[in-house]
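Participant:
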Amino acid sequence: MAPSVSQQIKAHSVAISGEFVGTFLFLLMALSAAQVANSDTSHIGDGSHPGDINLTQLLYISLAFGFSLAVNVSIFAKVSGGLFNPAVTLGMCLIGKVAWLKGLFLAASQVVAGILAAALVKVIFPGTYVVQTKLGHGASTFQGFLIELLLTLQLVLAIYFTAVEKHDGNALAPLVIGFALFVAELPGIYYTGGSLNPARTFGPDLIALDFGLNHWIYWIGPLLGATIAAGLYKFIKVLQDESEDVEDDNERQPLLS
8 MAPSVSQQIK AHSVAISGEF VGTFLFLLMA LSAAQVANSD TSHIGDGSHP GDINLTQLLY
68 ISLAFGFSLA VNVSIFAKVS GGLFNPAVTL GMCLIGKVAW LKGLFLAASQ VVAGILAAAL
128 VKVIFPGTYV VQTKLGHGAS TFQGFLIELL LTLQLVLAIY FTAVEKHDGN ALAPLVIGFA
188 LFVAELPGIY YTGGSLNPAR TFGPDLIALD FGLNHWIYWI GPLLGATIAA GLYKFIKVLQ
248 DESEDVEDDN ERQPLLS
């Protein structure tokens, strides 16, 4: 029996609310760590200190983002899907796992949650607000765009093959997804701030009232990366299906004819 309209609305409301709370908590913890790490004299990813890389700071922020994502995906995966990112939401819509209208509402809730998390970080932590993502250390606009695109592509593929695909390792999906973000942040933070998520960048930029000329790369890069990831995923699935068909045909062939 198909669910009624009221049941569908209730289910969608739960998912949207879950995405809002999950995105808020994910970004609150991650941005808080970035604020703490960037509050000293060594700023990563904002172009103000083009000298030697601070590996301790880079690892601290990368781990914070990765662990925060893993924890909150574990909490909210069965509530809303644990997407927390408009680019990931687009990726799910493109492979048919999320309806487009629902995806639009999920993405909107993620962006609003990012704004709230960024605002709270500004309120509760003293000192200069240093959680924005900006190009740094000589990265050009095009290079920054490619970095954001490729790192998001890798993250979305990790989500597809650990969470969307059904296999014995699904229980480990939150950990793998968090680790995928951690690995992506290692090169990303140094040159772009390591966004991979329009909601992560838009919130702090809005709170700081400082969007900058390169703000667009933190939208187009991740969204295009997710789009390419969806295409690769579908292509791989087609190849897998064809391979399975060939194997089935071979199994049906007699050894002697």
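Residues 8 to 264 (the working numbering) are what the sequence shown spells out, left to right.
Glycine included, every Cβ here is placed at the ideal spot set by N, Cα and C.
#1: Going by alpha carbons, who is nearest to Gly195 out of Gly29, Ile23, Phe72?
#2: Ala77 and Leu203 look like a contact to me (Cβ under 8 Å); what is the Cβ gap, rounded to whole Å?
#3: Identify the continuous alpha helix (DSSP H) that holds Thr208 and give its terminal residues.
#4: Considering only C-alpha positions, which residue in the set Thr30, Tyr225, Ser116 is nearest to His19?
#5: If you measure between the beta carbons of Ala120 and Thr208, is that distance less than 8 Å?
#6: Look up Leu62 in the DSSP assignment and say whether it is helix, strand or coil.
#7: Quick check on Gly176: buried or exposed, where buried means 16 or more other Cβ atoms within 10 Å of its Cβ?
#8: What is the DSSP secondary structure of Tyr225, reduced to helix, strand or coil?
#9: Helix, strand or coil: which one does DSSP assign to Tyr197?
#10: Any heavy atom of the ligand NAP closer than 7 Å to the Cβ of Gly145?
#11: What residue range is occupied by the uninterrupted alpha helix (DSSP H) comprising Phe152?
#12: Mind checking which residues open and close the alpha helix (DSSP H) that includes Pro6?
Facilitator: On the basis of the data shown:
#1: Closest by C-alpha distance to Gly195, out of Gly29, Ile23, Phe72, is Phe72.
#2: The C-beta separation of Ala77 from Leu203 comes to about 15 Å, leaving the pair out of contact by the 8 Å criterion.
#3: Where Thr208 is concerned, the enclosing alpha helix (DSSP H) stretches over 205-215.
#4: Taking each of Thr30, Tyr225, Ser116 in turn and checking the Cα distance to His19, the smallest one comes out for Ser116.
#5: 8 Å or more divides the Cβ of Ala120 from the Cβ of Thr208.
#6: It is helical.
#7: In this structure Gly176 is exposed. Its beta-carbon is surrounded by fewer than 16 other beta-carbon atoms within 10 angstroms.
#8: The answer is helix: DSSP assigns Tyr225 an H, G or I state.
#9: For Tyr197, the secondary structure class from DSSP, reduced to helix, strand or coil, is helix.
#10: Ligands are entirely absent from the displayed structure, and the ligand NAP is therefore not among its contents.
#11: That run of the alpha helix (DSSP H) goes 148-166.
#12: Here the chain comprises residues numbered 8 to 264, so residue 6 is not present and cannot be evaluated.
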